[in-house]
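*Asks:* The structure's right below; bear with me while I get my questions together.
Residue numbers (our numbering): 178 to 502.
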């Protein structure tokens, strides 16, 4: 047994020696030739670096192709809208109506800018009143205001006729509805006296017939004031009496009672102002009738006063505001 173990040890030793010899051969470097001594005139060559072979990269995993999206439906291009025209500037609310009238309308000198004048009138009376008026009345008011804005003193007859359009508006918006409905009321009642009064009013066809039917007394302009070139500081008004005033037809208490009976049952803004205003309504209408003219020149102050009575002045309402406001 010992001999066998010794033989195995010898055999293992030989194998170890053989393995070491093989490893020595693999590890031994290749013998390089002896380096020549460098020449003083020739530079030593630089050592070149052997490039490394590129490491192969793994092929990229193919991604699934994106699902094609449906092309968007083309939208129609928006139609360009015209830019809104700039609104004309309005006067400040704190200005009084006469100051508004004194500012000349914009436009060519000597010509009237009715659209600008309409804006001035609309602000003076308020939207509520403005839209209660007919288109003809709106135009008449604007034309009168535009003429007053550039009028000389006195206002010549052609321009005075346009300014008198302020009175025309009251006849259209106040007098005509009153005459029409009063005549119907008289016919329906069968009262001969009321029918006769309605007929007399229609024949007169003037605002000056209303004050003595509304009140026994009222304030009117003096004769001296009506002939003055400038507005008098004193003696502008006087108290008028129905029984001594010049009326289109004879008027007494019975006529006032009949008209009041109609007004009390008439469902109209005019009726509320005439019955509630009394002497004040009679005074306003009387002065408007006195200032009415269409054939002669009109002092500028009278045209401005007519404007104030119809459209208002400062904090005082005009007739149109009192009726429809």
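Glycine is no exception: its CB is placed at the ideal position from the N, C-alpha and C atoms.
#1: Please determine, among 389, 368 and 399, the residue with the shortest C-alpha to C-alpha distance to residue 424.
#2: State buried or exposed for residue 406, treating a residue as buried only when at least 16 other CB atoms are found within 10 Å of its CB.
#3: With residue 449 as the anchor, note down where its beta strand (DSSP E) starts and where it stops.
#4: Can you tell me whether residue 310 is helix, strand or coil according to DSSP?
#5: Between the C-alpha atoms of residue 434 and residue 385, what's the straight-line distance to the nearest angstrom?
#6: One question on the structure: do residue 443 and residue 377 come within less than 8 Å of each other, judged by their Cβ atoms?
#7: Based on DSSP bridge pairs, tell me the residues matched to residue 417.
#8: For residue 382, tell me which candidate among 410, 394 and 352 has the shortest Cα-Cα distance.
#9: Less than 8 Å between the C-beta atoms of residue 346 and residue 387, yes or no?
#10: Check whether the stretch 355-370 and the stretch 312-326 touch, using three or more Cβ-Cβ pairs below 8 Å as the test.
#11: Three-state secondary structure (DSSP) at residue 475?
#12: What does residue 496 pair with, by DSSP beta-bridge criteria?
#13: Please classify residue 292: is it buried, with 16 or more other beta-carbons within 10 angstroms of its beta-carbon, or exposed?
#14: Between residue 415 and the rest of its own chain, which residues show a CB-CB distance below 8 Å, the 5 nearest in sequence each way excluded?
#15: Span of the alpha helix (DSSP H) holding residue 365?
#16: For residue 417, which of 464, 360 and 483 has the nearest alpha-carbon?
#17: Rounded C-beta distance between residue 497 and residue 306? I'm assuming under 8 Å.
#18: DSSP three-state call for residue 196: helix, strand or coil?
#19: Please state if the CB of residue 480 and the CB of residue 488 are separated by a distance shorter than 8 Å.
#20: For residue 370, which residues of its own chain have a beta-carbon under 8 Å away from its beta-carbon, when the five flanking residues on both sides are left out?
#21: Just to check my reading of the structure: residue 458 and residue 450 have Cβ atoms closer than 8 Å, yes? What is that Cβ distance to the nearest angstrom?
#22: Anyone know if the C-beta pair for residue 403 and residue 467 falls short of 8 Å?
#23: Given a cut-off of 8 Å, decide if residue 330 and residue 483 are closer than it, judged by their beta-carbon atoms.
*Replies:* Reading off the structure:
#1: 389
#2: exposed
#3: From DSSP, residue 449 is part of no beta strand (DSSP E) but of the alpha helix (DSSP H) over 446-454.
#4: coil
#5: 18 Å
#6: no
#7: 395
#8: 352
#9: no
#10: no
#11: strand
#12: DSSP lists no partner for residue 496.
#13: exposed
#14: 396, 397, 398 and 399
#15: 353-366
#16: 464
#17: 5 Å
#18: helix
#19: no
#20: 431 and 435
#21: 6 Å
#22: yes
#23: no
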